Amino acid sequence: MDSAPNSDGVAVVFVHGLFSSEQTWDKFLVLVASDEELRFVTTLRFGYASPKVRLRPDRRIPDYNDLAEQLKTFLETRAKSYERLVLVAHSQGGLIVQRYLTRMLATGRGQELARIKGVVLFACPNDGSGIALLGRKIWWQRHPQELGLRPLADQVKDSQRMVLEQIVNAEAVGPSACPIPFWVYGGTQDNVVVRASAQAAFPRAAMLPGTHSSIIQPGSHEDPSYQALREHLRGVCRVEGVEELGPPSPGSPGSHKEEPDSGHTDSPPSAQAALIRWNHPRLGTVDFRDRQTFVEIFKELGGFND
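Here it is, written out as structure tokens:
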């Protein structure tokens, strides 16, 4: 379940990586939902099939073109009502985002990309990944998604070149161009996607602490990965005039006002509480700004038994 919709704000669409799922974004989902200064942000998660093996002859593993088209459908349906989008992707998810963008440009639909206000990539193998390459070639020699993760894969590099020329460095919106800022990050301890591949030729590139998986598992609002995403979202809000950013409200991240601890992990606090503090056994202590958001996240993470 995603956060409560707010079509007047900014919708963040999270895209996971290879052999992963929508649940990989749980920690980001909770932190965004409990951040008062991101109250105009709605979170959506795009999920797709990424199995390690194909067990049934009547089924196939989707390739990047399939997934790019699926993402297009998702954005045109689930995210249809939002005028401002930010796409956030991990690992292979970043390649799917780039393939979607280039396919839109190739069909003369650049103007439709104007509502995308930014793209954030975490540990995306823009130049491929060389880890365990021999074993991957033997075990997954025909896996259509793994093929795109091999070093300097032709179609991946073609998409990247088009993104750089007609999106990152574009000057105006047109049928075959649309300027969209990309912010790309590598992990300082990531040996799956090394710095050169994660940053590639993108001009706005930096490094964050973490491994290939931990880079998208922020433990708190102060985690560098969350702080990086938060600042990009705040920047989009400022540019788009979505909100006037002021000092943090009581109980929001950055506020030092002490609030009573409910001490419960298996039931939601009363509806009258102005601030809801949840002690989650895995995510730690998280403050929520309203009951509706808390109940939705509480159910999503298994707090209720339906």
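Residues in the sequence shown are numbered consecutively from 461, following this note's numbering.
Think of the CB as a built atom: it goes at the ideal place given N, C-alpha and C, for glycine as much as any other residue.
Everything numeric in this text was worked out from a predicted model, so none of it was measured.
Item, Value
"I need the DSSP call for Y508, collapsed to helix, strand or coil.", "coil"
"Measure the alpha-carbon distance for V475 versus E536 and round it to whole angstroms.", "15 Å"
"For Y645, does the three-state DSSP call read helix, strand or coil?", "strand"
"In terms of alpha-carbon separation, which member of H681, L573, K532 lies closest to E543?", "L573"
"Tell me which same chain residues have a C-beta within less than 8 Å of the C-beta of V653, skipping the five on either side of it?", "S551, A583, C584, P585, S589, G646, G647, H672"
"Bridge partners of G634, per DSSP?", "A637"
"Could you please give the first and the last residue of the uninterrupted beta strand (DSSP E) stretch that includes G554?", "Looking at the DSSP string, G554 is not in any beta strand (DSSP E); the run it does join, the alpha helix (DSSP H), is 552-566."
"Compute the beta-carbon to beta-carbon distance between F488 and K512, rounded to the nearest angstrom, for a pair I have assumed lies under 8 Å.", "Actually they are not in contact, since the Cβ atoms of F488 and K512 sit about 24 Å apart, beyond 8 Å."
"Would DSSP call T671 helix, strand or coil?", "coil"
"Could you tell me the distance, in whole angstroms, from the CA atom of G507 to the CA atom of Y524?", "13 Å"
"Can you give me the Cβ contacts of L581 inside the same chain, cut-off strictly under 6 Å, excluding the 5 residues immediately before and after it?", "A549, G554, V644"
"Report the residue from I521, A656, A632 whose alpha carbon sits nearest the alpha carbon of P604.", "I521"
"Since F582 is in the beta strand (DSSP E), which residue starts that stretch and which ends it?", "576-582"
"From the DSSP output, read off the bridge partner residues of F474.", "R505, V548"
"Answer yes or no: the CB of F500 versus the heavy atoms of the ligand NAP, is any distance below 7 Å?", "Absent from the structure shown: the ligand NAP. Ligands present: none."
"Per DSSP, what kind of secondary structure is A688 in: helix, strand or coil?", "helix"
"A666 by DSSP, collapsed to three states: which one?", "strand"
"Would V633 pass as a contact of P639 if the rule is Cβ separation under 8 Å?", "yes"
"What three-state label does DSSP hand F500 in the structure shown?", "coil"
"Hey, how far is the Cα of V460 from the Cα of L547?", "In the structure as shown, the chain begins at 461 and stops at 766. Residue 460 is therefore absent and cannot be evaluated."
"Under 7 Å Cβ to Cβ from S510, same chain only, skipping five residues before and after it: list those, please.", "L478, F479, S480, Q605"
"Find out if the Cβ-Cβ distance for the pair A613, Q626 is shorter than 8 Å.", "no"
"Would P678 pass as a contact of L491 if the rule is Cβ separation under 8 Å?", "yes"
"For the alpha helix (DSSP H) containing R525, list its first residue and its last residue.", "Before going further, note that residue 525 is Asn rather than Arg in the sequence given. That run of the alpha helix (DSSP H) goes 524-537."
"In chain order, what residues of the same chain have a beta carbon less than 6 Å from the beta carbon of E700, not counting five sequence neighbours either side?", "R544"
"To the nearest angstrom, how far is it from the Cα of R776 to the Cα of P635?", "Past the boundaries of the shown model lies residue 776; the chain is included only from 461 to 766, so the question cannot be answered."
"Using 10 angstroms around the beta-carbon of E682, count the other beta-carbons present and answer buried if the total reaches 16, otherwise exposed.", "exposed"
"Once the 5 residues before and after R610 are set aside, which same chain residues still bring their CB inside 6 Å of it?", "G588"
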